[in-house]
Amino acid sequence: MIGVLIVDDDFMVAKVHAGFVGALEGFEVVGTAATGTEALAAVDRLAPDLVLLDVYLPDMTGLDVLKRLRAGGSSVDVMVISAARDVDSIRSALHGGVLQYLVKPFDRRAFEDRMQHYARVRADLDVLDQAGQADVDRVFAAARGAAPAPAATPKGIAPETLELVRTVLGEAGTDGLSASECSERTGLARVSARRYLEQLVAQGQAEVRQRYGTAGRPERRFTLRSAR
Numbered sequence: 041m042i043g044v045l046i047v048d049d050d051f052m053v054a055k056v057h058a059g060f061v062g063a064l065e066g067f068e069v070v071g072t073a074a075t076g077t078e079a080l081a082a083v084d085r086l087a088p089d090l091v092l093l094d095v096y097l098p099d100m101t102g103l104d105v106l107k108r109l110r111a112g113g114s115s116v117d118v119m120v121i122s123a124a125r126d127v128d129s130i131r132s133a134l135h136g137g138v139l140q141y142l143v144k145p146f147d148r149r150a151f152e153d154r155m156q157h158y159a160r161v162r163a164d165l166d167v168l169d170q171a172g173q174a175d176v177d178r179v180f181a182a183a184r185g186a187a188p189a190p191a192a193t194p195k196g197i198a199p200e201t202l203e204l205v206r207t208v209l210g211e212a213g214t215d216g217l218s219a220s221e222c223s224e225r226t227g228l229a230r231v232s233a234r235r236y237l238e239q240l241v242a243q244g245q246a247e248v249r250q251r252y253g254t255a256g257r258p259e260r261r262f263t264l265r266s267a268r
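Letter 222 of the sequence shown, counting from 1, is numbered 262 in the numbering used here, and no numbers are missing.
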């Protein structure tokens with residue numbers, strides 16, 4: 041579960057946001073805070089994964105809270121949810137490493153979209169060991185709430201099919217797949233499956249190794265790099 045701390049001085053707004061969070065699968069509200077001082081203490085006490093931070097607080101701004109968190113070495117993820125629209129606030133949020141900036145008022149779908157993008161970023165980072173450029177592009181695009189730009193692929197390699205092969209390869213774990221096994225799981229011809237597997241290797245997303253059996257030619261097995 042992704043633990044969320046809600047920081048807003050308006051009790052009813054905080055309650056609404058808590059309801060939104062509670063309705064999302066994989067998220068839970070671990071606490072609320074109505075002032076900057078309470079927010080700083082709550083981060084230390086509750087160790088949330090994500091802080092939903094308003095800019096306008098009674099004792100200090102949310103951006104001051106952000107600066108103090110970073111100065112204290114906190115790497116907690118922060119999403120600003122505020123009516124503050126001035127460029128200085130947005131710039132300060134960017135410099136503080138804010139992942140999303142959602143301007144009030146907003147509808148529930150916009151909120152849920154930002155939260156789901158955040159969950160995807162966490163999921164990608166949890167399974168990656170070393171990232172190729174396509175992995176980096178995907179993570180940063182998700183963090184911004186945008187669709188990743190499709191990776192350039194050679195003629196005859198369809199990005200959608202490449203992603204299918206990548207997904208199937210990831211599901212195979214550290215054992216990996218041979219071209220024949222990939223063919224069975226994707227419905228591709230064996231030759232096509234091998235081409236897509238080799239393309240993942242060329243992009244740095246997969247590795248290939250030889251596995252020697254008791255007889256016959258050695259088998260080439262492909263493994264997603266994040267699964268090793």
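Every residue, glycine too, gets a C-beta built ideally from N, C-alpha and C. For clarity, every value in this text was computed on a predicted model and none was experimentally measured.
Neighbour-count burial assignment, residue i, 16 or more Cβ in a 10 Å radius
| i | result |
| --- | --- |
| Arg200 | It should be pointed out that residue 200 corresponds to Glu in this sequence rather than to Arg. Per the 10 Å Cβ criterion, exposed. |
| His57 | buried |
| Gln250 | exposed |
| Asp117 | buried |
| Gly71 | buried |
| Ala63 | exposed |
| Ser115 | exposed |
| Arg206 | buried |
| Met41 | exposed |
Residue i versus residue j: straight-line alpha-carbon distance, rounded
| i | j | result |
| --- | --- | --- |
| Ala267 | Phe151 | Unreliable positioning characterises Ala267 in this predicted model, as indicated by a pLDDT of 49, which lies under 50. A coordinate reading is not provided. |
| Ser132 | Leu103 | 7 Å |
| Ala189 | Gly76 | Any answer about Ala189 is weak, because its pLDDT of 45 lies below 50 and its placement is not dependable; what the coordinates show is given next. If I take the Cα positions, the gap works out to 38 Å. |
| Glu221 | Arg162 | 29 Å |
| Gly216 | Arg260 | 10 Å |
| Val248 | Phe262 | 4 Å |
| Val231 | Leu139 | 42 Å |
| Phe51 | Ala74 | 8 Å |
| Glu203 | Pro258 | 27 Å |
| Ala212 | Ile130 | 42 Å |
Member of the options whose CA lies at the smallest distance from the CA of residue i
| i | options | result |
| --- | --- | --- |
| Glu78 | Ala58, Gly66, Met100 | Met100 |
| Pro145 | Ser122, Asp126, Gly136 | Ser122 |
| Ala219 | Gln156, Lys107, Leu228 | Leu228 |
| Pro194 | Ala82, Leu93, Leu240 | Leu240 |
| Ala81 | Gly66, Leu106, Ala124, Glu68 | Leu106 |
| Arg125 | Leu142, Met119, Gly112 | Leu142 |
| Met119 | Leu134, Val127, Leu264 | Leu134 |
| Gly43 | Arg234, Lys55, Ala87 | Ala87 |
For residue j and residue i, believed in contact at Cβ under 8 Å, the rounded distance
| i | j | result |
| --- | --- | --- |
| Arg60 | Arg148 | Checking the sequence, you will find Phe at residue 60 rather than Arg. Indeed, because the Cβ distance is near 6 Å, the residues count as touching under 8 Å. |
| Gly136 | Arg110 | 6 Å |
| Val95 | Leu45 | Incorrect: roughly 16 Å between the Cβ atoms, too far for contact. |
| Asp164 | Pro98 | Rounded, the Cβ-Cβ distance is 37 Å, inconsistent with contact. |
| Leu264 | Gly196 | Not really, about 22 Å apart at Cβ, beyond 8 Å. |
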